[in-house]
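Under the numbering used here, residues 63 to 202 are what the sequence shown spells out, in order.
Using N, Cα and C, we set each Cβ at its ideal position, and we do this for glycine too.
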Amino acid sequence: MAIERTFSILKPDATERNLTGAINALIEKAGLRIVAQKRIRMTKEQAGTFYAVHKERPFFGELVDFMTSGPVVVQVLEGEGAILKYRDVMGATDPSKAAEGTIRKAHAKSIGENSVHGSDAAETAAIEIAQFFAGNEIVG
Ligand code: CMP
């Protein structure tokens, strides 16, 4: 399988509970390499752009409010089949449906406050990475 890069966010419910290290340990244990990482406070504009695909959904306003409610850690993860692998490591969006051993099973509070985001495909990964990182900030 090819080496890929995917985009990850450790969400405000995770940073609030000081879980950056615990989640990063699960990421690294799965064989993914954190090749870029920064802790930021997202603006409403950044969150609205990032989640534009969901703007007609009833939870869009709540999602933007949540993602701007505290610090997040944005990351680029690299590894073999990184996009699908990270989705496996995260577990289902709804933590009540997440498998044992996944980040969301261990840490997520609800479908909204679900601790992590990961890209769903190669095209979205490239767009999401470019929204938050310059090429020279990613060191593989
Ligand atoms: P994420 O992978 O970041 O992509 C879109 C996000 O929308 C998703 O994780 C959830 O956090 C959020 N989301 C999805 N469904 C709902 C919902 N029913 N209510 C609130 N937030 C939701």
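- request: Starting from A183, follow its DSSP beta bridges and name the residues at the other end.
  value: Answer is none; A183 lacks a bridge partner.
query: Got a sec, what are the start and stop residues for the alpha helix (DSSP H) T111 sits in?
result: For T111, the enclosing alpha helix (DSSP H) covers residues K106 to F112.
- prompt: Buried or exposed: G141, going by 16 or more other Cβ atoms within 10 Å of its Cβ?
  reply: Counting the other CB atoms within 10 Å of its CB gives G141 a total of 16 or more, which places it among the buried residues.
Neighbourhood of E66 by C-beta distance below 8 Å, restricted to the same chain and skipping five residues each side: These residues qualify, in order along the chain: E140, G141, E142, G143, A144, I145, A184 and A187.
- prompt: Within this structure, are the beta carbons of T82 and V138 separated by less than 7 Å?
  reply: Contact flag unset, no.
- request: Compare the Cα-Cα distances from I165 to each of I173, S172 and S177 and report the closest residue.
  value: Taking I165 as reference, the option from I173, S172 and S177 with the minimal CA-CA separation is S177.
query: Within the present structure, is the beta-carbon of F69 separated from the nearest heavy atom of the ligand CMP by less than 6 Å?
result: Not one heavy atom of the ligand CMP falls within 6 Å of the beta-carbon of F69.
query: Should the region 193–202 be regarded as contacting the region 96–107, the criterion being three or more beta carbon pairs within less than 8 Å?
result: In short, these stretches touch, since the Cβ pair count reaches three.
- prompt: Alpha carbon to alpha carbon, what distance is there between I191 and G197?
  reply: If I take the Cα positions, the gap works out to 9 Å.
query: Less than 7 Å separating the beta-carbons of I173 and D150?
result: A distance of 7 Å or more separates the beta carbons of I173 and D150.
Per-residue burial, T105 [other beta carbons within 10 Å of its own, 16 or more giving buried]: Exposed, by the Cβ-count rule.
query: In chain order, which beta strand (DSSP E) runs of at least 3 residues are fully inside the region 154–178?
result: With a minimum length of 3 residues, no continuous beta strand (DSSP E) run stays inside the region 154–178.
Closest Cα partner of Q193 within the set H169, R119, A109 and R79: Nearest Cα to Q193 within the set H169, R119, A109 and R79: A109.
- prompt: E162 and D75: beta carbons closer than 7 Å?
  reply: No.
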